[in-house]
Amino acid sequence: MKVLLFALARDLAGSGELEIDLAADATVGDLRRALGDRYPRLAPLLARCAIAIDQEFAAEETRVPPAAVVALLPPVSGG
Amino acid sequence: MISLTRNPIDYNAMTEQVRRGNCGAVVVFLGTVRDLTGDQVTVALDYEAYPGMAEKKMAEIEAETRRGWSVGEMVLEHRLGRLEVGEISVAVAVSCPHRAEAFEACRYAIDRLKELVPIWKKENWADGSTEWVHPGV
């Protein structure tokens, strides 16, 4: 599954798009843990990030649909 | 109406766009690039968005604002790319029949935008260093 990254998350990972393997019934929480394990440089920021599924903020217990567009969103600072 | 733009925000045009015969009040908020944060000197800010989701959230904020107040018309616009000190990064224009609700509606829209729209800014400090702004990190 592809994960889009923005701002500091992208800089830490060195890429705006990461690939992550997830079980079919994985939740947002599982995705967050998998990202931290696979990309340790993201770990310090991960707990503070929101995760979006198909452009909507998703709770930790939400299942990640296999074909979803997933994004890791550090705390926003527009305005 | 909402938009993201890489061009300077035309706040005169925005203001005209929301004026209505049945609205006795127009409130315009402009967010501009400030030169100092504490004692650190900003040269420029780089803004980026998660396109698609940013616009979706801005449209939701417009809908929420219209549900909460008697909005005649409103425009919510955010600029992306590099902005120098003094330039306008975000603008909200709201018209309502009366001023109290126009002020409240405008305040609500900009506060919500800053809270949940996936847009980020990076400081370009005078000493040449850069830093993403992520509140709480």
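Those protein sequence lines, which keep their order, are chains A and B. Going by this note's numbering, the residue at position 16 of the first sequence is 26; the numbering climbs one at a time, nothing skipped. Going by this note's numbering, the residue at position 16 of the second sequence is 24; the numbering climbs one at a time, nothing skipped. Note that beta-carbon positions come from the ideal geometry of N, C-alpha and C, so glycine has one too. Remember, predicted model here, so these are calculated numbers, not experimental data.
With DSSP as the reference, label residue i as helix, strand or coil.
i: A/L41; result: helix
i: B/A101; result: strand
i: B/E81; result: strand
i: A/L32; result: coil
i: A/R73; result: strand
i: A/A60; result: strand
Note the first and the last residue of the continuous beta strand (DSSP E) segment covering residue i.
i: B/Y55; result: Q48 to A57
i: B/R90; result: G89 to E92
i: A/V80; result: V80 to L83
Pull up the distance between the alpha-carbon of residue i and that of residue j, whole angstroms please.
i: A/L41; j: B/G94; result: 40 Å
i: B/M9; j: A/V74; result: 32 Å
i: A/A77; j: A/V13; result: 11 Å
i: B/R115; j: A/A34; result: 43 Å
i: B/D43; j: B/S137; result: 15 Å
i: B/D18; j: A/D31; result: 46 Å
i: A/A44; j: B/Y55; result: 29 Å
Along the chain, where does the alpha helix (DSSP H) containing residue i start, and where does it finish?
i: A/L55; result: A53 to L56
i: B/A33; result: Where B/A33 is concerned, there is no enclosing alpha helix (DSSP H), although the beta strand (DSSP E) it sits in stretches over A33 to T40.
i: B/A62; result: M61 to G76
i: B/A113; result: R107 to L124
i: B/E131; result: No alpha helix (DSSP H) contains B/E131, which is instead part of the beta strand (DSSP E) from I127 to W133.
So, at 8 Å on beta carbons, what are the nonlocal neighbours of residue i in its own chain, with the 5 sequence-adjacent residues on each side left out?
i: B/A52; result: V41, R90, L91, E92, V93 and N132
Using a Cβ-Cβ distance under 7 Å, would residue i count as near chain A?
i: B/I127; result: yes
Strictly under 7 Å for the Cβ-Cβ distance: is residue i near chain B by that measure?
i: A/A68; result: no
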